[in-house]
Amino acid sequence: MNVQQSTDQPQSTSTADAALRADIRRLGHQLGGTLVRQHGQELLDLVELVRQSAQKLRQNDAPEGVTQSLTALLADTDAQQAIALVRAFTVYFHLA
49 MNVQQSTDQP QSTSTADAAL RADIRRLGHQ LGGTLVRQHG QELLDLVELV
99 RQSAQKLRQN DAPEGVTQSL TALLADTDAQ QAIALVRAFT VYFHLA
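Offset between the sequence shown (1-based) and our numbering: plus 48.
Set out below in structure tokens:
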């Protein structure tokens with residue numbers, strides 16, 4: 049067995065992280081375009097609203113009412129929209 053050592057220097061963590069973030073951002077944009085083509089702009093708008101609300105909830109200084117508004121938004125979502133929303137997030141997390 050012939051084992052060769054790599055002469056390539058490993059990428060720095062920050063460079064690798066930046067490249068990974070760029071890839072995830074690109075894949076997210078492509079997924080967004082696919083959602084619009086297959087389900088319409090309304091679904092992408094819903095996905096973005098839920099995503100932004102979830103990000104706000106993770107912050108320590110989340111504005112008052114974010115939980116209630118997100119809960120109300122999801123409660124008003126019909127079954128077909130909810131399925132499409134769950135699928136959109138599932139695909140995104142599989143890509144990421």
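All residues carry an ideal CB built from backbone N, CA and C; glycine is no exception. Keep in mind the model is a prediction, meaning the values are calculated, not measured.
Item                                                                                                                            : Value
Can you tell me which of the three DSSP states Asp-124 falls into?                                                              : coil
State the Cα-Cα distance for the pair Gly-88 and Gln-103, rounded to the nearest angstrom.                                      : 23 Å
How far does the alpha helix (DSSP H) with Gln-107 in it extend, from its first residue to its last?                            : No alpha helix (DSSP H) contains Gln-107, which DSSP labels as neither H nor E.
What is the rounded straight-line gap between the Cα of Glu-96 and the Cα of Arg-69?                                            : 18 Å
Use the C-beta contact count for Ala-136: other C-beta atoms within 10 angstroms, 16 or more gives buried, fewer gives exposed. : buried
Using the beta-carbon count (16 or more within 10 Å), is Ala-66 buried or exposed?                                              : exposed
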